[in-house]
Amino acid sequence: MSASLKSWATPLAVGTFAIIAVTGILLFFDIEIGFVEPVHKWASWAFVAGVLLHVVSNRKALTHYFSSKPALAIIGTAMVVLVATLLPFGEKEEHENPAKMAAYALSSSSLETVALVVKSTPDVLSTQLAAKGLVVSSPTATIEQIAKSNGKEPKEVLANILSLSKGKAEHDGDDD
1 MSASLKSWAT PLAVGTFAII AVTGILLFFD IEIGFVEPVH KWASWAFVAG VLLHVVSNRK
61 ALTHYFSSKP ALAIIGTAMV VLVATLLPFG EKEEHENPAK MAAYALSSSS LETVALVVKS
121 TPDVLSTQLA AKGLVVSSPT ATIEQIAKSN GKEPKEVLAN ILSLSKGKAE HDGDDD
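Heads up: the sequence shown begins at 1 in the UniProt record's numbering, then just goes up one per residue.
Take a look at the structure:
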């Protein structure tokens, strides 16, 4: 049983390590293309499973590391770092992506407010959204409310508004 477990536990750990290493580096540099973030999150589960199975299949060799001072130092340091990362140091909002924070702020704003941001009017935006099949009940409705009433995610509605207004702010000569 152990030999067959070793034959796929280690390759699973190595393969998923490659995936989470590359996607982790991309996330570190805020390069969120394609399915980088969800693949990173789900491959991490496969990595955990692969490593646990690898540890089980190599438990005799693992016990050797608990008698080695350098190995214990590395494992101990890793545990200290792990505990430190779980402690609440500062607010999450301070470290969040500014673009995500702006999108959240716009999503919770009324269509009237968003119209000012994209240098348009609520009527123009309502008409443009209607052309995309989105019904706007009131210019005072928030993007979240508009999304919910149309069975969409707020980021979809916001993306429609921003794509429809693309370039308008750049070319209207207003410098505010």
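Cβ atoms here follow ideal geometry from the backbone N, Cα and C, with glycine treated the same way.
Source: prediction; values computed, not measured.
Pick out whichever of the options has its Cα sitting closest to the Cα of residue i.
| i | options | result |
| --- | --- | --- |
| F35 | T23, P88, F28 and G76 | T23 |
| G15 | S57, V39 and I75 | V39 |
Tell me which residue opens and which closes the alpha helix (DSSP H) that residue i is part of.
| i | result |
| --- | --- |
| T127 | P122 to A131 |
| E112 | L111 to V117 |
| S107 | P98 to S107 |
| P88 | Counting along the chain, P88 falls outside any alpha helix (DSSP H), and DSSP gives it neither H nor E. |
| G50 | V36 to S57 |
Residue i by DSSP, collapsed to three states: which one?
| i | result |
| --- | --- |
| T140 | coil |
| I20 | helix |
| I161 | helix |
| F66 | coil |
| G151 | coil |
| I31 | coil |
| L72 | helix |
| L82 | helix |
| V14 | helix |
| L5 | helix |
| L134 | coil |
| E156 | helix |
For residue i and residue j, which I take to be in contact (beta-carbon distance under 8 Å), what is that distance rounded to the nearest angstrom?
| i | j | result |
| --- | --- | --- |
| N160 | L129 | 6 Å |
| L158 | L106 | 6 Å |
| V56 | A13 | 12 Å between Cβ atoms; not a contact. |
Next item on the list: State whether the region 80 to 89 contacts the region 37 to 54, with contact taken as three or more CB pairs (one from each stretch) at a distance under 8 Å.
Entry: no
Checklist line | Any 3 or more C-beta pairs closer than 8 Å across the region 69 to 77 and the region 120 to 128 | finding: no
Next item on the list: Check whether the region 134 to 141 touches the region 101 to 115, taking contact to mean three or more Cβ pairs, one atom from each stretch, closer than 8 Å.
Entry: yes
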